[in-house]
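Peer 1: First the structure, which I've put down as structure tokens, then a few questions once you've had a look.
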Amino acid sequence: MQHRSYEFWVKTASLVTIVMVSLMIAAKSWAWLASGSASMLGSLTDSLMDITASLMSFLVLGYALRPADDDHRFGHGKAEALAGLAQAAFIAGSGCFLAFHGIERLFNPVTLKHSDLGIWVSIFAIVCTLVVVFVQTKVINHTESIAIKADSIHYKGDLILNLAVLLAIVLAKYGVAYADPLFAIGVAVYLLYNSWDIARESADHLMDKELPDEEKQQILAIVNSHQDVFGAHDIRTRQGGKIKFIQMHLELEDSLSLIRAHQVADEVEALIQTHFDCEMDVLMHLDPLSVVKKHVKVLHKIDKNR
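So the sequence shown is numbered by our numbering: it starts at 330 and just counts up by one.
Here it is in structure tokens:
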């Protein structure tokens, strides 16, 4: 049920985003062709990148949400990160194109036509983006999806972008000729920055970067809260799509029976699962306390001999 609910919410967010961005692309294309605004072209380019990213996310999420199989025992979550790298490269290329276009307009300025149309289209784009951000925020509250979180941050930035385009067209209408190409260059910088951010986050997932220190401290606190656990070491974590993977060595009393030790491990896993309320894969190695103490003594001797 949890998997089905997660799939429903993330796909709902993707579909709403695709519909809203499609409407914005149609309106911005009309406004750009009518006005010739470089800023509107920048906003249109960003929307084209948005829908490409959203379509790719929609398709990839369908694959990433598949359960683990014989060939992919850890699931398919890293497919999201692979798509992110492709999106980053595409967005960076578009940012470079827009930067060159804006620079060319600086040296060869063009008088904007039908600026009122551009203003109304920008307002329409702001409303559509607000709808997208509202839906994504609701979905994040239900799923904590990393992909939707990243998308939401991007569209919150788009609100600023659309406001900037609106300001550029208004300024150009009242004779500030260089406002339009300068804002276009600003949009290009924004696209390039976002492409780097997406690439970095995708690489972190592919390279199995550890979970944030705050989450690791929470995990350790949960483990130590169990009355039969004396501690934990060699904690390793990573995230693949919607699944958090955790590995650790639990330190238990020597006298515990094998059955009780197994029960303790299950209880600790349940505590972690309840706290984070997301899909998790927890693997625990059970160490007798005497073995852990000997291991610490050996390490201490090695340090002294150095």
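Ideal placement from N, C-alpha and C gives every residue a C-beta, glycine not left out.
Is His555 helix, strand or coil by DSSP?
Peer 2: Looking up residue 555 in the sequence shown gives position 226. DSSP places His555 in coil when its eight states are reduced to three.
Peer 1: I need the DSSP call for Met353, collapsed to helix, strand or coil.
Peer 2: Here residue 353 refers to the residue found at position 24 when the sequence shown is read from its first residue. DSSP places Met353 in helix when its eight states are reduced to three.
Peer 1: Which value, in whole angstroms, describes the spacing of the CA atoms of Leu600 and Ala410?
Peer 2: The residue you call residue 600 lines up with position 271 of the sequence shown. The residue you call residue 410 lines up with position 81 of the sequence shown. Looking at the two C-alpha atoms, the distance is approximately 29 Å.
Peer 1: With a threshold of 7 Å (Cβ to nearest heavy atom), would Phe574 be considered close to the ligand ADP?
Peer 2: Inclusion of the ligand ADP in the displayed structure is not the case, the ligand content being empty and no account of it being possible.
Peer 1: Whole-angstrom Cβ separation of Cys457 and Met353, contact assumed at under 8 Å?
Peer 2: Mapped onto the sequence shown, residue 457 falls at position 128. Mapped onto the sequence shown, residue 353 falls at position 24. Going by Cβ atoms, the distance from Cys457 to Met353 rounds to 5 Å, so yes, they are a contact pair.
Peer 1: In the DSSP assignment, the beta strand (DSSP E) including Val611 goes from what residue to what residue?
Peer 2: Position 282 of the sequence shown, counting from 1, holds the residue named residue 611. That run of the beta strand (DSSP E) goes Met609 to Pro617.
Peer 1: Determine the DSSP secondary structure at Lys633, reduced to helix, strand or coil.
Peer 2: Taking the first residue of the sequence shown as position 1, residue 633 is located at position 304. Interpretation of Lys633 is limited by its pLDDT of 38, a score under 50 that renders its predicted location unreliable; the figure taken from the coordinates is listed afterwards. In the structure shown, Lys633 adopts helical secondary structure according to DSSP, grouped into three states.
Peer 1: So what does DSSP say about Ala397, is it helix, strand or coil?
Peer 2: Along the sequence shown, read from residue 1 onward, the residue named residue 397 stands at position 68. Note: Ala397 maps to coil in three-state DSSP.
Peer 1: If distances are taken between C-alpha atoms only, which option among Gly413, Ile469, Lys357 and Leu446 comes closest to Lys340?
Peer 2: Within the sequence shown, numbered from 1, the residue matching residue 340 stands at position 11. Looking at the Cα atoms, Ile469 is the closest of the given residues.
Peer 1: What is the DSSP secondary structure of Glu598, counted as helix, strand or coil?
Peer 2: Sequence index remark: in the sequence shown, residue 598 carries index 269 (1-based). In the structure shown, Glu598 sits in a helix (DSSP, three-state: H, G or I).
Peer 1: Which term fits Pro510, buried or exposed, when burial requires 16 or more other beta carbons within 10 angstroms of its beta carbon?
Peer 2: Residue 510 sits at position 181 when you count from the first residue of the sequence shown. With 16 or more other Cβ atoms within 10 Å, it is buried.
Peer 1: Between which two residues does the beta strand (DSSP E) holding His430 run?
Peer 2: To locate residue 430, count along the sequence shown from 1; it is residue 101. From DSSP, His430 is part of no beta strand (DSSP E) but of the alpha helix (DSSP H) over Ala408 to Phe436.
Peer 1: Got a sec, what are the start and stop residues for the beta strand (DSSP E) Glu580 sits in?
Peer 2: Here residue 580 corresponds to residue number 251 of the sequence shown, with the count starting at 1. Unbroken beta strand (DSSP E) run through Glu580: Ile572 to Leu581.
Peer 1: Give me the Cα-Cα distance between Ala367 and Gly569, rounded to the nearest whole angstrom.
Peer 2: Here residue 367 is taken as the residue at index 38 of the sequence shown, counted from 1. Here residue 569 is taken as the residue at index 240 of the sequence shown, counted from 1. The straight-line gap from Cα to Cα measures roughly 40 Å.
Peer 1: Would you decide whether Trp361 is buried or exposed? Buried here means 16 or more other CB atoms lie within 10 Å of its CB.
Peer 2: Taking the sequence shown and counting its residues from 1, one reaches residue 361 at position 32. Buried, because 16 or more other Cβ atoms sit within 10 Å of the Cβ of Trp361.
Peer 1: In terms of DSSP beta bridges, what is Gln568 paired with?
Peer 2: Position 239 of the sequence shown, counted from the start, is the residue given in the question as residue 568. Partner(s): Lys573.
Peer 1: With H, G and I counted as helix, E and B as strand and the rest as coil, what does DSSP make of Gly560?
Peer 2: Here residue 560 refers to the residue found at position 231 of the sequence shown. Residue state, collapsed to three classes: strand.
Peer 1: Report all residues from its chain with a CB closer than 6 Å to the CB of Lys573; omit the five preceding and five following residues, and keep chain order.
Peer 2: As a position in the sequence shown, residue 573 is number 244, starting the count at 1. Excluding sequence neighbours, Lys573 sits near Met609.
Peer 1: Taking the C-alpha atoms as reference points, what is the distance between Met330 and Ile588?
Peer 2: Residue 330 sits at position 1 when you count from the first residue of the sequence shown. Residue 588 sits at position 259 when you count from the first residue of the sequence shown. Interpretation of Met330 is limited by its pLDDT of 40, a score under 50 that renders its predicted location unreliable; no figure is taken from the coordinates.
Peer 1: Less than 8 Å between the beta carbons of Ala393 and Ala408, yes or no?
Peer 2: Locating residue 393 in the sequence shown gives position 64, where the first residue counts as 1. Locating residue 408 in the sequence shown gives position 79, where the first residue counts as 1. The answer is yes: Cβ separation under 8 Å.
Peer 1: Determine the closest residue to Asp487 out of Ala415, Tyr335 and Thr346, with distance taken between C-alpha atoms.
Peer 2: To locate residue 487, count along the sequence shown from 1; it is residue 158. Minimum Cα distance to Asp487 is reached at Thr346.
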